[in-house]
Amino acid sequence: MNPHTLTVLEFEKVRRMLLRWTFSSLGRERIEALHPSLPADEVRLSLDRISEWKALELTGEAPSPDPIEDLSPLFRRLTRSEGALAGADLVLFLPLLQQLGRLRRLLRAEDAERRPLLREMLAPLEDFSELTRRLERSLSGTGEVRSEASPALARARQALVDAQQDVSGLLDGMLNRLPASSREDAFVTVRDGRYVVSVRAQHRESFPGLLHGRSQTGHSVLIEPLDALEANNRVADRREEARLVEVRVLAELTQALRDRGSALERAYEAVGACDAVRAGAKLALTLRAEAPELTERTLRVVQGRHPLLADAEMRGGARVVPLDLVIEADRPVLLVSGPNMGGKTVALKTVGLLVLMARAGLHVPAAPGTELPLVDEVFVDLGDEQSIEDDLSTFAGHLKNVGAMWDRATRDSLVLMDELGGATDPEEGAALATALLDEMGRRGALTVATTHLTSLKLFVQERAEMQNAAMEFDAVSLEPRYRLEIGEPGRSRAFDIARRVLPGSGLLERAQEFRSSQLVEMDRIFERVDVERRALEQARRALDEERRVLSGAVDRKDRQAARLKDRIEALRRAREDAIESALARAQHEIRELRERLEQELTTQRGEDAVRTARRAERDLQAARGNAHARGARRQRLGTSRLQPEQVKEGVEAWIADLGAVVRVERVRPDSNKVRVEWRGRHLEVALGALETVPADRARTSPTPVRVQLPDAPTEPVSPEIDLRGHRVEEAMESLERYLDRATMSGRTLVRIIHGKGTGTLKKEV
1 MNPHTLTVLE FEKVRRMLLR WTFSSLGRER IEALHPSLPA DEVRLSLDRI
51 SEWKALELTG EAPSPDPIED LSPLFRRLTR SEGALAGADL VLFLPLLQQL
101 GRLRRLLRAE DAERRPLLRE MLAPLEDFSE LTRRLERSLS GTGEVRSEAS
151 PALARARQAL VDAQQDVSGL LDGMLNRLPA SSREDAFVTV RDGRYVVSVR
201 AQHRESFPGL LHGRSQTGHS VLIEPLDALE ANNRVADRRE EARLVEVRVL
251 AELTQALRDR GSALERAYEA VGACDAVRAG AKLALTLRAE APELTERTLR
301 VVQGRHPLLA DAEMRGGARV VPLDLVIEAD RPVLLVSGPN MGGKTVALKT
351 VGLLVLMARA GLHVPAAPGT ELPLVDEVFV DLGDEQSIED DLSTFAGHLK
401 NVGAMWDRAT RDSLVLMDEL GGATDPEEGA ALATALLDEM GRRGALTVAT
451 THLTSLKLFV QERAEMQNAA MEFDAVSLEP RYRLEIGEPG RSRAFDIARR
501 VLPGSGLLER AQEFRSSQLV EMDRIFERVD VERRALEQAR RALDEERRVL
551 SGAVDRKDRQ AARLKDRIEA LRRAREDAIE SALARAQHEI RELRERLEQE
601 LTTQRGEDAV RTARRAERDL QAARGNAHAR GARRQRLGTS RLQPEQVKEG
651 VEAWIADLGA VVRVERVRPD SNKVRVEWRG RHLEVALGAL ETVPADRART
701 SPTPVRVQLP DAPTEPVSPE IDLRGHRVEE AMESLERYLD RATMSGRTLV
751 RIIHGKGTGT LKKEV
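The letter at position 205 of the sequence shown is residue 205 when you use full-length UniProt numbering, and the numbering goes up by one with no holes.
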C-alpha cells in the first residue's frame, strides 16, 4: 500500500486511536507497525480474534491488565548473565507475570472452547504462578526487598533494629543527664549512618566524642559520644549483614527469572500480541464496529461511518449520517455527483478508510452485511493536493496521481478520485476524466469518483458497467442530507447553495442571464427526475410500512391462534386427567368396599353386598371404557363438551350415546339434569352428556341400540324397604336395586322407610 494513500486517508489516526487501548510496550510496537497489507488468511484470523475478545469484553470476562514496561533490555541482561538485577528492575516483571496468570485462568474457564483462536494464540504460555508468588512476596511495589523474602533476611533486619534501638536508648540516657533547661533543644538523630546527639554548642564539653557537624547558625553541634562508638559500630555491622542478605535474595530472584528466561520471553511476545487484539476489540466496541465479510470483487457498505467522525460522535460530537453504497463486479465504476458541502468527499474517504481497516484485520464502523474487498492497492486522488515543496500546481498534482492509476491499477485495485475533471478547463478536464473512467471500467478496477461535470454524468449513464449516484439535497431547506442515492446523477445546485449563502444578492439574477438554455433545460429535467424519484421512494417507504404493519398483525393473529389452540389442548388434557382421577378414586373405593364385604360371606347380606360390589366394579369398568370411547369419538367428530353457560332452551346439542342431535327444552338450574326433545320424545339427561353438534351432522335418526334387559326376579319382592342405619351412598345403591326389582316384579306401589336423623337421606330419597 503506497504511503500517499495512507497519508491522504489518515490511516495513521486509526493507529493512534488503537494506541489508546494498549497496556504494553510490545503491544504499542505492534500497533505502530500495523499496515493494511496483511495476507488474506492473517486478515481473517485477526478479525476472528478481535470478535472473540469483544465477546469477552461484553460478558465482563476480559482481564483488566496493569501497564507493562519495555522488558527487552532486561531480557538481554538476563541472557548475558550480567549479575543480579536491582529490585527496581525485577519488579517490572510482576505486571507481565500477573497478566500471564489472568490469561491462563481465562483459558482454563469451562467455556474456553468458545474462544479457540485465543486459546491457540496463548497456547505457549507456561505456568509462572510460583515465580509470580515469589516476586510478590519478596518485592514491594517500588522494588524494595521485603523482609518476607527469606528467613535469613528477616533475622538480619531484626538484629539491625535491635542494634539501632540500643544505641538510640544509650544516647537518650545521655541527654537525660543534661539540665532540664538544656534538654529542650537536644535530640538524637542520624548523620552518615551514625547515631549522634544534637546539643547546644556550650554543652559540647559534656559529650566528649566525634564532631559530625554544626547547624547553620553555629548554635548547635552534632556529636557522636565516645561511649556510643561501639554501639554505632554494631549498627553498621548489622546493616552490612542485612545488605549482603538482600544481595543474595536479589541474586536468587534474578537467577529464577534467568532459568525461565526463554519461556518468559515467549510469553512476553504472546502478551504483546494479545494486547494488540485487545486494542482492536476495544476500538471496535467504542466505534460500534463489526467484522466485515471479505470478498474479492464486491464492495458493499451498510450503514458505514467514517472512523474518525464516529470516534468524535462517541465523544459527544455531531451525529454521523451513515453511508450505504454498493459496487458489484459487473458494474465496478460508481460516479457520485451532487452539491458542494453535500458529503461527496467524506463518502469517498469513508469507503477508502474502511477498506484499509479491513485490509489491516480491523473491524469497521458499519452494520452487519458489510462486504469489503481484499484489494492489492488503493489509489487516491483527493481535492487540492498542490505541493509547494515539489513545485506542483493543483492540476499537476492531480495528473501525478492519475498517472499512477493509469500505469498500475488492475482489477484487484480500488481507485478513489475526487472532483474528477476539475482544476482545469472543463471541456479538456472532462475528456481526461472520461478516458480514465473508460479505462478503469475496461480493466474492472473498483472505482468511486466524484464530479460536477454534466458530460461525465451523461457518459456514465450510457455505460452498462458504470452507474451514477447522487448525494441527497433538501430543495426546501437548501440543506444537504448527506445520504447517497444510487441510480441517478445528482445536481450541483450551485445556484441553490448561493441563494442560501448570499440571500438577496443581485449576483444570482445576473448569473441566470448568462446560463446556457440547454443547461437550464437539463437542470429542469434533472429536477423532474429527482421529484419523481422522491415520490416513488416515499411511496415505497409507505408500502413497506403498510407491509410491516400487516405482517405484524398476521403474526399476532397466528400467535393468538396458537395460544388458543394450546389452551384448548391443555383444558382437554386436564378434563381427561380429572376423569381418570375420578374413576381411579371410585375404583379404589369399590375395591375397599368389596374387600370389606367379602369378609361377611357367612351372611346373606354379605353375599348380596359382594355381588353388588362386583357388579359396581363391572359398571365402573364399563364406564371407564365408555369414557375413553366418548373421548375418542369426540376427537374423531371434532366435538367438545358443552359448558353450562352454553346450555339454553332451544339450543341443539349432540348426545354421543344416542348418536343424534337433540334440542334443549328446559334447564333445571337446581340440578345437573336437562330436558331435551328427540324425535318427538321428551327425555331427561345429564348436563355432561351434551356436546357440540359435529359440523357434518344434521338431526338424524339414532343408531339402533340393542339393550339387554335383566330377567324378572324369581323371588317375591317386599312391598317396603327400610334404609335406616345405612350411609347415604349405601342406602341409595340399595334403593336403586330395590326399585329395579320392584319394577320388574310388577309392583306399582312401594314404601320407603328413611327415618329422620339429619334429613340428608330423606333429601336424597
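No residue lacks a Cβ here, since even glycine has one placed at the ideal position from N, Cα and C.
- Among 335, 142, 211, 274, which has the Cα closest to the Cα of residue 64? Closest option to residue 64, Cα to Cα, is 274.
- Query: For the stretch 43-60 against the stretch 296-303, are there 3 or more C-beta pairs whose distance is under 8 angstroms?
  - Reply: Contact check between the stretch 43-60 and the stretch 296-303: fewer than three CB pairs, one atom from each, fall below 8 angstroms, which does not count as touching.
- Query: So what's residue 643 in DSSP terms, helix, strand or just coil?
  - Reply: Coil, per DSSP.
- Reduced DSSP secondary structure (H/G/I, E/B, other) of residue 225: In the structure shown, residue 225 sits in a strand (DSSP, three-state: E or B).
- Query: What is the DSSP secondary structure of residue 709, counted as helix, strand or coil?
  - Reply: Per-residue confidence for residue 709 stands at a pLDDT of 47, beneath the threshold of 50, marking its modelled position as unreliable; no derived number is given.
- Query: Under a three-way DSSP split, which group does residue 24 fall into?
  - Reply: In this structure, residue 24 counts as strand in the three-state DSSP scheme.
- DSSP-derived helix/strand/coil call for residue 734: Correct three-state label for residue 734: helix.
- Within the stretch 344-381, ranges of the beta strand (DSSP E) (whole runs, at least 3 residues): DSSP runs (the beta strand (DSSP E)) wholly in the stretch 344-381: 371-373, 377-381.
- Query: If residue 416 and residue 459 are in contact, beta carbons under 8 angstroms, what's the gap, nearest whole angstrom?
  - Reply: Actually they are not in contact, since the Cβ atoms of residue 416 and residue 459 sit about 19 angstroms apart, beyond 8 angstroms.
- Item | Endpoints, alpha helix (DSSP H) assigned at residue 459 | 454-461 is the span of the alpha helix (DSSP H), which, as asked, contains residue 459.
- Task: Decide yes or no for the touch test of the stretch 639-655 against the stretch 683-693: beta carbon pairs closer than 8 angstroms, at least 3 of them.
- Result: Segments in contact, yes.
- According to DSSP, which residues form a beta bridge with residue 325? Answer by DSSP bridge pairing, in chain order: 301.
- Message: Beta-carbon within less than 8 angstroms of residue 167's beta-carbon, same chain only, minus the 5 sequence neighbours each way: which residues are those?
- Response: Listed in chain order, the non-local C-beta contacts of residue 167 below 8 angstroms within the same chain comprise 195, 228, 231, 232, 234, 235, local neighbours out to five positions each way being set aside.
- Query: I think residue 66 touches residue 95, with their Cβ atoms under 8 angstroms apart; what is that distance to the nearest whole Å?
  - Reply: Contact check for residue 66 and residue 95: beta-carbon distance about 4 angstroms, within the 8 angstroms limit, so the pair qualifies.
- Item | Between the CA atoms of residue 349 and residue 317 - distance to the nearest angstrom | Rounded to whole angstroms, residue 317 to residue 349 spans 19 angstroms at the Cα level.
- N- and C-terminal bounds of the beta strand (DSSP E) containing residue 75: It is not in any beta strand (DSSP E) - residue 75 instead sits in the alpha helix (DSSP H) that spans 72-80.
- Item | residue 2 to residue 9 span [Cα, whole Å] | Taking the straight line joining both Cα atoms gives about 11 angstroms.
- So residue 414 is in the beta strand (DSSP E); what residue range does that whole segment cover? Element bounds for residue 414: 413-417.
- Identity of the residue in 449, 188, 488, 175 nearest residue 462 by Cα: Here the closest residue by C-alpha is 488.
- Item | beta strand (DSSP E) runs wholly inside the stretch 218-286, at least 3 long, in chain order | Within the stretch 218-286, the beta strand (DSSP E) runs of at least 3 residues that lie entirely inside it are, in chain order, 220-225.
- Have a look at the DSSP bridge pairing and note the partners of residue 470. The secondary-structure analysis by DSSP pairs residue 470 across a beta bridge with 337, 485.
- Message: Quick check on the burial criterion: 16 or more other C-beta atoms within 10 angstroms. Buried or exposed for residue 11?
- Response: Within a 10 Å sphere around the beta-carbon of residue 11 sit 16 or more other beta-carbons, which makes this residue buried.
- Cβ shell of residue 258 (< 6 angstroms), same chain only, five flanking positions each side left out: Within the same chain, residue 258 has close Cβ partners 78.
- Query: Looking at C-alpha atoms only, which residue of 270, 358, 671, 160 is the closest neighbour of residue 126?
  - Reply: Measuring from the Cα of residue 126, the nearest candidate turns out to be 270.
- Look at the Cβ atom of residue 13, then the Cβ atom of residue 365, and state whether they are nearer than 9 angstroms. Going by C-beta atoms, residue 13 is not nearer than 9 angstroms to residue 365.
- Query: How about residue 267 and residue 18: are their beta carbons less than 9 angstroms apart?
  - Reply: If you check the CB distance, residue 267 and residue 18 do not come in under 9 angstroms.
- Comparing alpha-carbon positions, which option in 442, 468, 445 lies nearest residue 453? Nearest of 442, 468, 445 to residue 453, Cα basis: 468.
- Query: Going by the CB atoms, is the gap between residue 446 and residue 327 shorter than 9 angstroms?
  - Reply: Against a cut-off of 9 angstroms, the Cβ pair of residue 446 and residue 327 comes out as a contact.
- Query: Would the stretch 214-227 and the stretch 196-205 be scored as touching if the rule is three or more Cβ pairs under 8 angstroms?
  - Reply: In the pairwise beta carbon analysis, the stretch 214-227 is classified as touching the stretch 196-205: at least three pairs are separated by under 8 angstroms.
- Message: From the DSSP secondary-structure annotation, give me the bridge partner or partners of residue 190.
- Response: In the DSSP output, where bridge partners are listed per residue, residue 190 has 195.
- Item | Alpha carbon of residue 725 to alpha carbon of residue 733, nearest angstrom | Each residue's Cα considered, the two are about 14 angstroms apart.
- Task: Go through its chain and collect everything with a Cβ distance to residue 760's Cβ below 8 angstroms, but skip five positions before and after it.
- Result: Excluding its 5 nearest sequence neighbours in each direction, residue 760 has C-beta neighbours in its own chain below 8 angstroms: 728, listed in chain order.
- Query: Thinking C-beta only, is residue 264 closer than 9 angstroms to residue 128?
  - Reply: Yes, Cβ-Cβ distance for residue 128 and residue 264 is below 9 angstroms.
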